[in-house]
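For the record, the sequence lines run as chains F and H.
The opening position of the first sequence corresponds to residue 2 in this note's numbering, with each subsequent residue numbered one higher.
The opening position of the second sequence corresponds to residue 41 in this note's numbering, with each subsequent residue numbered one higher.
Idealized CB from N, CA, C, for every residue including glycine.
Data first, discussion second: the structure below is written as structure tokens.
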Amino acid sequence: SAVISQKPSRDICQRGTSLTIQCQVDSQVTMMFWYRQQPGQSLTLIATANQGSEATYESGFVIDKFPISRPNLTFSTLTVSNMSPEDSSIYLCSVACWGWDEQYFGPGTRLTVT
Amino acid sequence: AQKVTQAQTEISVVEKEDVTLDCVYETRDTTYYLFWYKQPPSGELVFLIRRNSFDEQNEISGRYSWNFQKSTSSFNFTITASQVVDSAVYFCALSEADSGTYKYIFGTGTRLKVLA
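As structure tokens, then:
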């Protein structure tokens with residue numbers, strides 16, 4: 002398993018601003034994923050972020066709104082841009098050593114947009 | 041299209057009762073993986089089990105057991121002698137391998153409340 006940390010753990014942001022969420026892993030991993038979980042709901046995949054390639058976004062999520070960086074095998078960032086109250090959610094990163102491995106999840110970042 | 045259905049939104053049991061959480065999936069891939077995760081009130085997702093489509097053996101781990109049946113596209117999870125600490129939301133997930141994306145499709149989750 003991997004130990005994953007996320008920063009910040011929570012934040013309250015103003016409408017129209019941007020927030021960058023960091024995801025740090027204690028070991029090198031091939032695959033990293035970013036999810037959104039709205040209160041009381043299931044997880045929705047935002048994008049897959051593999052090192053050395055552009056992130057792959059799921060339907061309904063675009064790079065301009067959720068730019069992602071993956072500079073190395075232990076770190077990734079997700080930016081939530083031009084935020085609105087609808088972006089209030091928990092954002093989670095997860096990692097997997099290989100595609101068929103189980104994913105391990107970070108503790109999440111709880112974002113509230115006012 | 042791929043889909044995971046957890047029809048039980050919420051289940052309440054009394055401590056020491058057995059409980060089964062249902063998971064039904066849909067996929068056209070021949071190679072796929074199924075997972076169960078636990079999300080306690082603290083919020084962090086905890087991996088419980090992975091099963092690939094070619095392994096229909098049931099698995100037991102302590103009080104937890106899983107029943108995988110391809111014939112009914114089900115991957116059910118049973119907790120024996122439930123405890124208060126089992127109270128959590130449990131998610132079933134599907135990952136299709138044929139497409140090479142390995143992304144997870146999560147079910148909507150089942151909230152389990154174990155009452156003392």
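Review point. Using 8 Å as the Cβ pair cut-off and three pairs as the minimum, do the region 42-49 of chain H and the region 72-79 of chain F touch?
Key: no
Review point. Hey, which unbroken runs of the beta strand (DSSP E) at 3 residues or more fall wholly within the region 44-82 of chain F?
Key: 44-51, 69-73, 76-81
Check your understanding: For residue 40(F), which option in 96(F), 99(F), 90(F) has the closest C-alpha, if you only look at C-alpha atoms?
Key -> 90(F)
Check your understanding: What residues of chain F sit near residue 143(H), judged by a beta carbon separation below 8 Å?
Key -> 34, 46, 49, 59
Check your understanding: Can you give the Cα-Cα distance for residue 16(F) and residue 23(F), rounded to whole angstroms?
Key -> 20 Å
Check your understanding: Does DSSP classify residue 143(H) as helix, strand or coil?
Key -> coil
Exercise for review: Using only alpha-carbon positions, find the residue among 111(F), 10(F), 69(F) that is nearest to residue 54(F).
Suggested key: 69(F)
Point to revise | Three or more C-beta pairs below 8 Å linking the region 63-72 of chain H and the region 82-96 of chain F | key: no
Review point. Does any C-beta atom of chain F lie closer than 8 Å to the C-beta of residue 84(H)?
Key: yes
Review point. Near residue 85(H), which residues of its chain fall below 8 Å by C-beta distance, leaving aside the five closest residues on each side in sequence?
Key: 77, 78, 79, 131
Check your understanding: Got a sec: which bits of the region 63-94 of chain H sit with their beta carbon under 7 Å from any beta carbon on chain F, in order along the chain?
Key -> 73, 75, 83, 84, 85, 87, 90
Check your understanding: Just how far apart, CA to CA, sit residue 43(H) and residue 144(H)?
Key -> 10 Å
Practice item. Mind listing, in chain order, the continuous beta strand (DSSP E) runs of no fewer than 3 residues lying wholly within the region 64-88 of chain H? Key: 64-66, 72-79
Review point. Using a C-beta to C-beta distance shorter than 8 Å, which residues of chain H count as neighbours of residue 105(F)?
Key: 87
Review point. Candidates 138(H), 114(H), 109(H), 153(H): which alpha carbon is nearest residue 157(H)'s?
Key: Given that chain H is displayed from residue 41 to residue 156, the structure contains no residue 157(H) and the question cannot be resolved.
Exercise for review: Buried or exposed for residue 106(H), please, with buried defined as at least 16 other CB atoms from any protein chain shown within 10 angstroms of its CB.
Suggested key: buried
Exercise for review: Output, in chain order, the set of chain A residues within a Cβ distance shorter than 8 Å of residue 131(H).
Suggested key: Given the protein chain composition of this structure (F and H), no chain A is represented.
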